[in-house]
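Structure, as C-alpha cells:
Residue numbers (my numbering): 83 to 161.
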C-alpha cells in the first residue's frame with residue numbers, strides 16, 4: 083500500500099464497502115480471497131485476505147491499485 087500511496091482508512095473503506103471477486107479456498111495455510119473496493123474518491127483497490135476459521139482472524143496479505151491493462155471493470159481479469 084505504501085508504493086500505491088494508500089492510507090489505512092482507504093484500505094479499510096475499500097474492504098468494508100467492497101466485494102469478493104475471487105475465492106482461493108485451497109490457499110495455504112488459510113483460504114483467501116481477492117476483494118475489490120474503492121477509496122473515498124472512487125479509485126479502485128484490490129486486497130487479498132486470508133481467513134483463519136479456528137480463531138476467526140482475517141489477515142491482510144497484500145493491497146494494491148489494480149493495473150487497468152490487467153483488469154476489465156476492476157473485477158474480471160483480462161485474458
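Each residue gets a CB set at the ideal place from its N, CA and C atoms; glycine is no exception.
Based on Cα-Cα distance, which residue from the options lies nearest to residue i?
| i | options | result |
| --- | --- | --- |
| residue 131 | 124, 115 and 88 | 115 |
| residue 152 | 98, 110, 128 and 144 | 128 |
| residue 108 | 133, 117, 125 and 102 | 133 |
| residue 136 | 111, 98, 85 and 102 | 111 |
Which term fits residue i, buried or exposed, when burial requires 16 or more other beta carbons within 10 angstroms of its beta carbon?
| i | result |
| --- | --- |
| residue 96 | buried |
| residue 117 | buried |
| residue 74 | Shown here, the chain extends from 83 to 161; a query on residue 74 therefore has no answer. |
Just grab the DSSP bridge partners of residue i for me.
| i | result |
| --- | --- |
| residue 159 | 153 |
| residue 116 | 104 and 130 |
Start and end of the alpha helix (DSSP H) containing residue i?
| i | result |
| --- | --- |
| residue 96 | 90 to 98 |
Would you mind reading off the limits of the beta strand (DSSP E) that contains residue i?
| i | result |
| --- | --- |
| residue 140 | 139 to 146 |
Contact criterion: CB-CB distance below 9 angstroms. Does residue i meet it with respect to chain B?
| i | result |
| --- | --- |
| residue 160 | The question asks about chain B, but that chain is absent: this structure has only one protein chain. |
Round the Cβ separation of residue i and residue j to the nearest angstrom and send it over; I've been treating them as touching at under 8 angstroms.
| i | j | result |
| --- | --- | --- |
| residue 125 | residue 159 | That belief does not hold up - the Cβ atoms of residue 125 and residue 159 are roughly 19 angstroms apart, past 8 angstroms. |
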